[in-house]
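Structure, as structure tokens:
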Amino acid sequence: MALDSSDLQQRRPKPSSSGRPTRTKSSGIDSGGVKRRRRKAERRSIRTVCIVISSLVVVILPLGLLGGHLFGNDSSSSDSAASGSSTGGGGRRFLQNWKPKSNAPSKYEQLQHDAALSDNQQFTSYNKQQREDRYNSLYRPKFSSSTLGYDIYNCPPTPPQHYPMAWPIPEVLTNWNVNDVTTIAPNYRQVYQGLCIFDYNTQYDIALTYRNAELPFVIRGDPKVERVVEKWDDGTGEYLHSVLGDVEEYRTERSPTTSFMWYRLRGNGKKKKMMDEGYTKPLNDETEMTFGEWLEHALEKEGVALQDEGLMQKAASMKERRLGLWKHAKSGPAEDDDELKERGRGGGNKNEESEEEKQKKWYYFRLNVELRGSRDGSADKFVYDELSFFDPRKRKDSQFYIVDPKQERGINCRFGMRGVSAVNHFDMSRNMIALFGGERRYIIGNPSQCKHMALYPRGHPSLRHSSIDWGNEAEWANVPGFREAEVTEVVMHAGDVLYLPTSWFHQITNLGLNYQCNARSGVTYESSEYMDQCGFGF
1 MALDSSDLQQ RRPKPSSSGR PTRTKSSGID SGGVKRRRRK AERRSIRTVC
51 IVISSLVVVI LPLGLLGGHL FGNDSSSSDS AASGSSTGGG GRRFLQNWKP
101 KSNAPSKYEQ LQHDAALSDN QQFTSYNKQQ REDRYNSLYR PKFSSSTLGY
151 DIYNCPPTPP QHYPMAWPIP EVLTNWNVND VTTIAPNYRQ VYQGLCIFDY
201 NTQYDIALTY RNAELPFVIR GDPKVERVVE KWDDGTGEYL HSVLGDVEEY
251 RTERSPTTSF MWYRLRGNGK KKKMMDEGYT KPLNDETEMT FGEWLEHALE
301 KEGVALQDEG LMQKAASMKE RRLGLWKHAK SGPAEDDDEL KERGRGGGNK
351 NEESEEEKQK KWYYFRLNVE LRGSRDGSAD KFVYDELSFF DPRKRKDSQF
401 YIVDPKQERG INCRFGMRGV SAVNHFDMSR NMIALFGGER RYIIGNPSQC
451 KHMALYPRGH PSLRHSSIDW GNEAEWANVP GFREAEVTEV VMHAGDVLYL
501 PTSWFHQITN LGLNYQCNAR SGVTYESSEY MDQCGFGF
């Protein structure tokens, strides 16, 4: 619609020759009519101006917004847009100021965030799938549900009478010697597995039934456990190394062989008496070591076993750095390099070893933490923060794993290198054992097998542990009844949690670099009859 100028303003009277406007005289009636016409014209003018402004806003604003999206002139775009440059910054600033302020992300920002989250989830899922594919290709259950009487991946709500299925120990050990730790595809191991594998997300209630019945099982798929696995199981220990470092030293067991046997000799009198009676202590002992040095030795063993040049090179680089740090801190610039490398990190104490001696040994890294030691900056706090499902104070996270919070006994972590094995034994409490990296083989026996396990008796430094080498068949005949023992086994991989009730036997073999932590909570007595029969009554 065309606009006439008379619709926008009143006509002004012609000026007089003097340049002043001429006043028009009229009657009172005529004067009132003029005022009414003037007010009506003013109202028309205001309406017209509003219409024009509204039209401009309706047309210009969408064009500005479209241009912003097309040419990147968003609130987070270049400095020229924020500064109002000659390229149209002022217009952009007007549009930005016009838009309502909000802390909520734009749709575009939300899509970017969702895409990043999706990428991370896909990466996590990919890593998990890789681990599972590798595990399934190397370790396969030997028996089907038709032989077992139940499906280990879909166990019945009520535990079968014969659960878990067990086999004669010579059959299990002959099938897979405990000292054979390296399996490379396409080769694989057949596992005499009788334990149920439960999915945390879909079979929680059934797993709870087995736990309450004090029967062993493995549960996997807990998101809380998986989050730890994603950080810890990075292949080369980088995450844990960044936390535990190269300065603080931790209790570490060492041995010239792969076998580790617990023992305790208290007091010189008892030690002398035992020695006089012909006791020979196990070859393993204890030292102190930084996590960084332990990881160096573990990666070296891993690289040699797998013929992985990358791992061996990383271990060599870590060793060079360690020796350099030690030289700088302890020796000063005048120290001879050859002498330093021969002496290693020793400082004249009982733990002094040469680098050559260290290379020949196996190490079992330990990290035992307690709530009372959980202070800022401590390893105790780090472990409890990471493993909330083992923290009795956080019942929402830990109620499945910490059965009796009042009887919890801290968290015990053992990080193993390939080949390390722990001699068969039993613990006098419930035990939840979680694996956050690598693989471990557990050979498990019911407490009813106690009399066949050739255990060292009460009073012995290694009480509760088997006295014969399970990897040496020649020793099996030395103990009457050992061949009659029955066991089952399972290979754990990262993300698995194994429940072992009180007094269940377990022999452990580390199948590669791995990180395991366990938590104990309370004692049960359903197996006391069997333990009484072999001299370990509660």
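When you line the sequence shown up against the UniProt record's numbering, it's residues 1 to 538, in that order.
Note that beta-carbon positions come from the ideal geometry of N, C-alpha and C, so glycine has one too.
query	result
Cβ-based burial, tyrosine 192 [other Cβ within 10 Å; buried from 16]	buried
Cβ-Cβ separation, tryptophan 232 to glycine 437 (assumed contact under 8 Å), whole Å	5 Å
Residues near residue 539 in its chain [Cβ-Cβ closer than 7 Å; skip 5 each side]	The requested residue 539 is not part of the displayed model; the chain covers only 1 to 538.
Range of the contiguous beta strand (DSSP E) that encloses methionine 432	431 to 437
Alpha-carbon spacing of valine 523 relative to serine 429, whole angstroms	4 Å
Backbone secondary structure at phenylalanine 538 - three-state DSSP	coil
Beta-carbon spacing of tyrosine 499, methionine 432 below 7 Å	yes
Glycine 237 to glutamate 293 span [Cα, whole Å]	12 Å
Rounded Cβ spacing between glutamine 190 and arginine 134 (contact assumed at less than 8 Å)	With a Cβ gap of about 17 Å, glutamine 190 and arginine 134 do not count as contacting.
Supposed contact pair arginine 418 and threonine 182 - C-beta distance, whole angstroms, cut 8 Å	7 Å
Local conformation of glutamine 516 per DSSP, three classes	strand
Min CB distance lysine 358 to chain B below 7 Å	Absent from the structure is chain B; it holds one protein chain and no more.
CB of arginine 254 within 7 Å of CB of lysine 319, strictly	no
Residues that DSSP places opposite aspartate 199 in a beta bridge	Arg220
Cα-Cα separation, phenylalanine 400 to glutamate 214	13 Å
Exposed unless 16 or more other CB atoms sit within 10 angstroms - verdict on arginine 483	exposed
6 Å Cβ shell around serine 144 - same chain, five flanking residues per side excluded	none
Nearest-angstrom beta carbon gap, serine 462 and methionine 261 [assumed within contact, 8 Å]	6 Å
Beta-carbon proximity check, isoleucine 197 vs valine 218, cutoff 7 Å	yes
Distance, valine 487 Cα to glutamine 161 Cα	16 Å
Closest by C-alpha distance to histidine 465, when choosing among Ile444, Phe505, Arg441	Phe505
DSSP three-state assignment for proline 405, whether helix, strand or coil	helix
Own chain partners of isoleucine 29 with C-beta closer than 6 Å, once the 5 adjacent residues on each side are dropped	The predicted model places isoleucine 29 with a pLDDT of 41, which falls under 50 and marks its position as unreliable, so this point remains unresolved.
C-alpha gap between methionine 492 and serine 242, whole angstroms	26 Å
C-alpha distance - serine 521 paired with isoleucine 468, whole-angstrom precision	30 Å
Option nearest aspartate 287 by Cα separation, candidates Ala379, Asp532, Lys358	Note on identity: in this sequence residue 287 is threonine, with aspartate being the wrong assignment. Of Ala379, Asp532, Lys358, the residue nearest in Cα terms is Lys358.
Cβ neighbour criterion (16 or more within 10 Å) applied to threonine 202	exposed
Leucine 367 - partner residues in DSSP beta bridges	Cys413
Contact check, glutamate 249 vs threonine 290, beta carbons under 7 Å	yes
Under the three-state DSSP convention, the category valine 304 falls into	helix
Where valine 479 falls: helix, strand or coil (DSSP)	coil
Extent of the continuous beta strand (DSSP E) to which arginine 140 belongs	139 to 141
Residue range of the alpha helix (DSSP H) that includes glutamine 313	309 to 326
Reduced DSSP category for tyrosine 210 - H, G, I as helix; E, B as strand; rest coil	helix
Beta-carbon separation (whole angstroms), valine 228 vs leucine 367, contact threshold 8 Å	Rounded, the Cβ-Cβ distance is 14 Å, inconsistent with contact.
Backbone secondary structure at proline 168 - three-state DSSP	strand
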